[in-house]
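The structure appears below as structure tokens.
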Amino acid sequence: MSITLKNLESALAGESMAHIKYRYFARIARDEGFEDIAQHFEHTADQEIKHAWGHLDLLVGTPTTKECLQLAIMGETYEFTKMYPTFKAQAEQEGNAFAAKEIDHQISESQEHAAQFMEIMQKAEKRFTALAKVEERHAKAYEDLLNSLEFKQALLGGK
Amino acid sequence: MSETHVCVVCGHEHDETIEGKWNDLPADFTCPECGVGKEDYEVI
Numbered sequence: 568m569s570i571t572l573k574n575l576e577s578a579l580a581g582e583s584m585a586h587i588k589y590r591y592f593a594r595i596a597r598d599e600g601f602e603d604i605a606q607h608f609e610h611t612a613d614q615e616i617k618h619a620w621g622h623l624d625l626l627v628g629t630p631t632t633k634e635c636l637q638l639a640i641m642g643e644t645y646e647f648t649k650m651y652p653t654f655k656a657q658a659e660q661e662g663n664a665f666a667a668k669e670i671d672h673q674i675s676e677s678q679e680h681a682a683q684f685m686e687i688m689q690k691a692e693k694r695f696t697a698l699a700k701v702e703e704r705h706a707k708a709y710e711d712l713l714n715s716l717e718f719k720q721a722l723l724g725g726k
Numbered sequence: 289m290s291e292t293h294v295c296v297v298c299g300h301e302h303d304e305t306i307e308g309k310w311n312d313l314p315a316d317f318t319c320p321e322c323g324v325g326k327e328d329y330e331v332i
């Protein structure tokens, strides 16, 4: 992989992490009664989103909705089949039962997310297929109208 | 047993207990809301 692509992926990861951290920090600040500091964290967090989107734009471009769903399914599937199972085994090796349990929870969440995206995609495919047929009928109806109009005009012109 | 058929696009429902048997509808029946054909309804 090109070094620039790798850097873009690292930058995306970094900005995403900063966003999540600032949201977390904002919650802490708000709980401690520092509303202005909480808002500052949130404001910065929002800017990190824009930075991350800039990186994503270069990394994935603008995929179609269907491609977005496929990317989401791939990402979630990677999480519950590869990433989290590896992390879980390593947490167990270290005797960190607390982390292993939290990872178990993440595995089932990722599985659910993947299934939800899959369901949405199948539903969308069904809809697009059905709509394509409706549009075909519309086109046919316009064509019939056009033909009858031309026929009428031909009759009138013949008079 | 009566069934309810739902349009996959807009969710329009055809309830057999109110609107009669699905199979009695003509083959060229289309969804009154969005125009999809009978084949694009699902039974719920």
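Protein sequence lines, in the order shown, are assigned to chains W and S. Counting from 1, position 44 in the first sequence corresponds to residue 611 in the numbering used here; the numbering is continuous, with no gaps. Counting from 1, position 8 in the second sequence corresponds to residue 296 in the numbering used here; the numbering is continuous, with no gaps. Glycine residues also receive a C-beta, built at the ideal position from the N, C-alpha and C atoms.
If you draw a straight line from the C-alpha of W/Y589 to the C-alpha of W/D603, how long is it? Sequence index remark: in the first sequence, residue 589 of chain W carries index 22 (1-based). Sequence index remark: in the first sequence, residue 603 of chain W carries index 36 (1-based). Each residue's Cα considered, the two are about 13 Å apart.
List, in chain order, every chain S residue whose beta-carbon is nearer than 9 Å to that of W/V701. In the first sequence, counting from the first residue as 1, residue 701 of chain W sits at position 134. Neighbours of W/V701 on chain S, chain order: V297, T318, C319, C322, G323, V324, G325, D328.
Minimum Cβ-Cβ distance from W/D698 to chain S less than 9 Å: If you number the first sequence from 1, residue 698 of chain W lands on position 131. The question names Asp, but residue 698 of chain W is Leu in the sequence shown. Interface criterion met: the Cβ of W/L698 is under 9 Å from a Cβ in chain S.
With DSSP as the reference, label W/E659 as helix, strand or coil. To locate residue 659 of chain W, count along the first sequence from 1; it is residue 92. Of the three classes helix, strand and coil, the one that applies to W/E659 here is helix, per DSSP.
When DSSP builds the beta bridges, which residues end up paired with S/G325? Translated into positions along the second sequence, residue 325 of chain S becomes position 37. For S/G325, which the question treats as bridged, DSSP gives the partners S/T318.
Let me check one thing: in DSSP terms, what residues is W/H618 bridge-paired to? The sequence position of residue 618 of chain W within the first sequence is 51, counting from 1. Answer is none; W/H618 lacks a bridge partner.
When you compare only the Cα positions, how much space is there between S/E327 and S/P320? Counting from one through the second sequence, the residue named residue 327 of chain S turns up at place 39. Counting from one through the second sequence, the residue named residue 320 of chain S turns up at place 32. For S/E327 and S/P320, the distance between alpha carbons rounds to 14 Å.
Going by Cα to Cα distance, which pick from W/E703, W/K690, W/A699, W/Y709 is closest to S/V294? For this step, residue 294 of chain S is matched to residue 6 along the second sequence. Looking from the CA of S/V294, the closest CA among W/E703, W/K690, W/A699, W/Y709 belongs to W/K690.
Please list, in chain order, all residues of the same chain as W/F684 whose beta carbon is under 6 Å from its beta carbon, the five residues on each side excluded. As a first step, residue 684 of chain W must be located in the first sequence, where it is residue number 117. Closer than 6 Å at the Cβ level, and outside the excluded window around W/F684, lie L636, A639, I640.
Based on DSSP bridge pairs, tell me the residues matched to S/H293. By 1-based counting over the second sequence, the position of residue 293 of chain S is 5. Under DSSP, S/H293 shares a beta bridge with S/H302, S/V331.
Assumed close pair W/F718, W/A681 - CB separation to whole angstroms, cut-off 8 Å: Within the first sequence, numbered from 1, the residue matching residue 718 of chain W stands at position 151. Within the first sequence, numbered from 1, the residue matching residue 681 of chain W stands at position 114. Between W/A681 and W/F718 the Cβ distance is about 56 Å, and since that is not below 8 Å, they are no contact.
Work out the CA separation of W/M584 and W/E671 for me, nearest whole Å. For this step, residue 671 of chain W is matched to residue 104 along the first sequence. For this step, residue 584 of chain W is matched to residue 17 along the first sequence. One point to set straight first is that residue 671 of chain W is Asp, not Glu, in the sequence displayed. The straight-line gap from Cα to Cα measures roughly 21 Å.
Where S/F306 and S/H300 are concerned, what is the direct C-alpha to C-alpha distance, given to the nearest angstrom? Within the second sequence, residue 306 of chain S is the residue found at index 18, counting from 1. Within the second sequence, residue 300 of chain S is the residue found at index 12, counting from 1. With the sequence shown as reference, residue 306 of chain S is identified as Ile, and Phe is not the correct amino acid for it. Just so you know, the alpha carbons of S/I306 and S/H300 end up roughly 14 Å apart.
Per DSSP, what kind of secondary structure is S/L313 in: helix, strand or coil? Along the second sequence, read from residue 1 onward, the residue named residue 313 of chain S stands at position 25. Coil, per DSSP.
In whole angstroms, what is the alpha-carbon distance linking W/P652 and W/A708? Mapped onto the first sequence, residue 652 of chain W falls at position 85. Mapped onto the first sequence, residue 708 of chain W falls at position 141. CA-to-CA, the gap between W/P652 and W/A708 works out to about 56 Å.
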